[in-house]
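Per the working numbering, the sequence shown starts with residue 30, numbered consecutively. Every residue, glycine too, gets a C-beta built ideally from N, C-alpha and C. Owing to the predicted nature of the structure, the values given are computational and were not obtained by experimental measurement.
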Amino acid sequence: MNRRQKLIPLNKLNLTDRFLFEEVMEDPLAHQEALGIILGRDVPLLTLNEAERELRISPEARSVRLDIFSMDEDRAVYNTEMQKQRRADLSRRSRYYQSLVDISLLDPGIPDYSRLNESYLIMITPFDLFGCGKYRYTFRAVCEEEPGCVLEDGATRIFLNTRGTNDEEVSAELAEFLHYVEHTTDEAAEHAGSERIRRIHDRVRKVRNSEEVGVKYMQAWEEKYYEKEEARKEGLQEGLQNGARNKLKDLVKKKLEKGKSLEEIADALEETEEMIQELIQELK
């Protein structure tokens, strides 16, 4: 099969596809419209969004790459993530992302933690991570002994499910937007009652029709393809190496059973004594 047959055309991508999501939401106006729908209020973003912002606290620590990172006029920060694949670690991943975002917000030497920005981590998924049928799950720290007592630490994590069923509990605009995210078509935008969704779709059409973005998409796909091919080849090579090692280990075992010495085995198999000793240790 021609490998290019696996490439989904740019104009067929939905916003659940990270490439299109990042290209669209990198535009502050599109991201502002989306945040307004999600949070149910106007979000006056500053003019700069960052796509694929990398955060790392040290060279040895694991880094994260944020999909879209932005700040509003009140210095509240918004990290909006598209997560197409279901993973068991998403809840804990959101915790790690939140911690790295917090660390990045305070300059070294500032002792006053009250200067930490309000922060929102928003993860959009085409599946129900928590299984309760909700379009939106909003998490803030609450006291177990006194549920009405909220820890006002300024951190909010929101998980959005494009396949929610509780239409009566959310705005029609949010339900329409989440449907549109998974089905990013002209028809879905036209049938939506929201002007904000239509304005987001204008940005989607602009991205899809951009020759520059098309080249970028092809390059990104090619790069990912070759990375996978390289990983596959390395896996095959490792498998061959493991197979040869296991065969050699079987030969060593048989010669040991015949009472052969380390030196005799190494000589017979044309291997170093160090290698044979290592294999003998593995057999124990």
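The straight-line gap separating the alpha-carbon atoms of F168 and I226 is approximately 25 Å. By the C-beta density criterion, R165 is buried, having at least 16 other C-beta atoms within 10 angstroms. Under DSSP, I97 forms a beta bridge with A80 and T109. Contact check for V130 against S148 passes: the beta carbons are separated by less than 8 Å. Between Q114 and M152, the C-beta gap is not smaller than 8 Å, which leaves the two residues out of contact.
Pairing D231 with T109, the inter-Cα distance amounts to about 20 Å. For T191, the CB contacts under 6 Å within the same chain, skipping 5 residues up- and downstream, are P155, L207, V210 and E211 in chain order. The residues L42, Y246 and A249, in chain order, have a CB closer than 7 Å to that of F48 in the same chain once the five nearest residues on each side in sequence are set aside. Considering only V179, E286, R121 and D103, the residue with the shortest C-alpha distance to L74 is D103.
Rounded to whole angstroms, V236 and H60 show a C-alpha spacing of 14 Å. Apart from the 5 residues on each side of it in sequence, L44 sits with its Cβ closer than 6 Å to the Cβ of F50, V210 and T213 in its chain, given in chain order.
The beta carbons of A80 and D96 sit about 7 Å from each other, so the pair counts as a contact at 8 Å. Taking C-beta atoms as the reference points, R186 and L135 fail to come closer than 8 Å. Leaving aside the five residues that flank V53 on each side, the residues in its chain whose CB is nearer than 8 Å to its CB run, in chain order, L44, A59, I229, R232, V233 and V236. Here DSSP, grouped into helix, strand and coil, assigns I132 to helix. Scanning its chain for C-beta atoms nearer than 8 Å, with the 5 sequence neighbours on each side dropped, one finds around L291 the residues E302, I305, Q306 and I309, in chain order.
C-alpha of E62 to C-alpha of D141: approximately 33 Å in a straight line. Take G162, set aside five residues on each side of it, and the residues of its chain with a beta-carbon closer than 7 Å to its own are G193, T194 and N195, in chain order. The beta-carbon distance between L77 and P57, rounded to whole angstroms, is 7 Å. This is short enough to meet the 8 Å contact definition.
I67 and L145 have their C-alpha atoms some 23 Å from each other. In this structure, A201 is the residue among R121, V242, S239 and A201 with its C-alpha nearest to the C-alpha of G222.
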